[in-house]
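A.B. asks: Protein chains in written order, with UniProt numbering: chain A, 1 to 181; chain B, 1 to 131. For every residue, glycine included, the Cβ atom is placed at its ideal position computed from N, Cα and C. What follows is a single structure, and I will ask about it in a moment.
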Amino acid sequence: MSLPRSNYDPRRVCLNPFPDLHLGKYRRTVGVYLAGALFAIGNFVFFDAAVYSAHARVPWGVDPPVHVTFVDWVPGICSILGYLVVNLIDKDRIKGDEGFGDSRAVWRARLFLFIGFALMAGGLAGSVTVLVLKYVLSDYAEMFKYYGYANVTQNLLLMISAAFLWMAQSTSGEYEYNLTL
Amino acid sequence: MAAGLKTVILLSFVLAVGFLLIILSCALWANWLPLLVAITFVVAPLPNALFSHCGSDDFSGSYEPTGAVDLGRFFTSLIVVTGFAFPIVLAHSGVINTSACAMSIVGGGLVYGTILSYSQAFSQSEDSDFE
């Protein structure tokens with residue numbers, strides 16, 4: 001008795017079950033539209049919290065104890081800056097193909113890519129920090145934790161949007177035979 | 001040539017209904033903030049219209065869209081989501097009424113759907129010989 005032939009490379013240990021979407025030539029378009037939609041949704045979740053905070057009326061008091069201040073805006077600004085930096089880099093520079101410019105350009109491109117990803121990850125970590133330090137640890141009412149959760153949601157959606165944009169722009173290059181990276 | 005005179009009349013009727021809904025959602029509650037939804041949806045096809053000509057021309061011969069085309073699509077999607085999310089944000093914080101929010105969303109969807117189907121119906125006849 002022999003096992004049936006597997007349809008994957010048996011030498012691979014970590015098999016990544018990435019969903020193989022057969023969108024064909026529309027994959028890039030759909031990915032870019034989806035990235036833009038996620039970007040807008042994430043930002044509007046946070047704007048909703050900010051507007052809600054500016055118009056908040058507490059039913060039992062005169063003034064709500066906490067508002068969305070500039071501290072809450074900082075992680076989102078970091079994430080958007082990182083988003084811009086990551087997406088302004090030419091994707092072909094990072095792979096470091098031979099004969100494509102000098103090697104220092106590749107080094108610099110990777111450095112700026114690192115800075116961009118660090119800004120985005122810093123934005124996400126900063127939003128979690130604001131959530132914990134400003135809203136969870138202090139004993140405000142439950143409804144005010146929404147501001148912190150909206151902040152985390154904004155930065156998470158920005159990261160997911162950047163991932164979608166990256167995949168949409170890198171998969172369909174050269175007729176879909178470089179699926180790695 | 002399916003797109004004829006009846007299509008034009010139907011689309012203009014739907015467009016008028018959409019604008020009517022948006023203006024009603026402003027005027028019934030005397031709060032003119034939802035009018036921004038109409039401006040948003042009118043602006044929405046603009047990035048695609050601008051950047052779609054920055055792609056490959058007839059001589060490059062590659063079907064690979066460039067970064068400018070992607071930027072146009074990104075901004076289009078951003079503006080469309082903005083148009084749908086803006087009344088929801090306003091209604092959530094109690095600036096506008098909930099039914100005004102629903103009316104302006106439906107009206108904005110009608111306006112944007114009209115623009116989309118109009119460009120689909122009338123640009124197909126020119127592009128069809130390239131397919």
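Helix or strand or just coil, what does DSSP make of Pro47/B?
C.D. replies: helix
A.B. asks: Within the continuous alpha helix (DSSP H) that includes Val14/B, where are the two ends?
C.D. replies: Leu5 to Ala27
A.B. asks: Could you tell me the boundaries of the alpha helix (DSSP H) in which His67/A lies?
C.D. replies: First-last for His67/A: undefined, no H or E at that position.
A.B. asks: Just reading off the alpha helix (DSSP H) that Arg110/A is part of, what are its end residues?
C.D. replies: Ser103 to Val130
A.B. asks: Go ahead and pull the three-state DSSP assignment for Leu179/A.
C.D. replies: Confidence at Leu179/A is low in this model, with a pLDDT of 46, below 50, so the placement of that residue should be treated as unreliable; the coordinate-derived value is given next. Residue state, collapsed to three classes: coil.
A.B. asks: Could you check whether the Cβ of Val51/A sits closer than 9 Å to any Cβ belonging to chain B?
C.D. replies: Yes, its Cβ sits closer than 9 Å to a Cβ of chain B.
A.B. asks: To which residues of the same chain is Phe164/A closer than 6 Å at the C-beta, ignoring the five residues directly before and after it?
C.D. replies: Only Gly31, Leu34 and Ala35 meet the Cβ criterion.
A.B. asks: Is it the case that the Cβ atoms of Gly123/A and Pro64/A are separated by a distance below 9 Å?
C.D. replies: no
A.B. asks: For Thr98/B, go through chain A and note every residue whose CB falls closer than 8 Å to its CB, in chain order.
C.D. replies: Those within 8 Å of Thr98/B in chain A number zero; the least Cβ separation is about 14 Å.
A.B. asks: Between the alpha carbons of Gly26/A and Ala168/A, how many angstroms are there, rounded?
C.D. replies: For the record, residue 26/A in the displayed sequence is Tyr; it is not Gly. Taking the straight line from one Cα to the other gives about 10 Å.
A.B. asks: Looking at chain B, which residues of the segment 24-36 of chain A have a Cβ within less than 7 Å of any of its Cβ atoms?
C.D. replies: Arg28, Thr29, Val32, Tyr33, Ala35 and Gly36
A.B. asks: Between Lys134/A and Lys91/A, what straight-line distance do the alpha-carbon atoms span, to the nearest angstrom?
C.D. replies: 38 Å
A.B. asks: So, under 8 Å CB-CB, Pro45/B and Thr7/B are touching, yes? Tell me the CB distance rounded to an integer number of Å.
C.D. replies: Incorrect: roughly 18 Å between the Cβ atoms, too far for contact.
A.B. asks: State yes or no: is the beta carbon of Phe74/B nearer than 9 Å to at least one beta carbon in chain A?
C.D. replies: yes
A.B. asks: At the level of alpha carbons, what is the spacing between residue 135/B and Leu119/A?
C.D. replies: Absent from the structure is residue 135/B, since the part of chain B shown begins at 1 and ends at 131.
A.B. asks: Quick check: the segment 114-123 of chain B against the segment 75-95 of chain B, are there 3 or more CB pairs under 8 Å?
C.D. replies: no
A.B. asks: Per the contact definition of three or more C-beta pairs closer than 8 Å, is the segment 145-163 of chain A in contact with the segment 102-112 of chain A?
C.D. replies: no
A.B. asks: Give a yes or no on whether the C-beta atoms belonging to residue 136/B and Met103/B are separated by under 9 Å.
C.D. replies: With chain B represented from 1 up to 131, any question about residue 136/B goes unanswered, as that position is not in the structure.
A.B. asks: Using C-beta distances below 8 Å, list every residue in its chain close to Ile89/A, excluding the 5 sequence neighbours before and after it, in chain order.
C.D. replies: Ala109, Phe112, Leu113 and Gly116
A.B. asks: For chain B, check one thing: does any of its Cβ atoms lie closer than 9 Å to the Cβ of His67/A?
C.D. replies: Residue-level contact check: His67/A does not touch chain B, since none of the beta carbons of chain B fall below 9 Å from its beta carbon.
A.B. asks: Is Phe39/A close to chain B? Criterion is C-beta to C-beta, closer than 9 Å.
C.D. replies: Yes, its Cβ sits closer than 9 Å to a Cβ of chain B.
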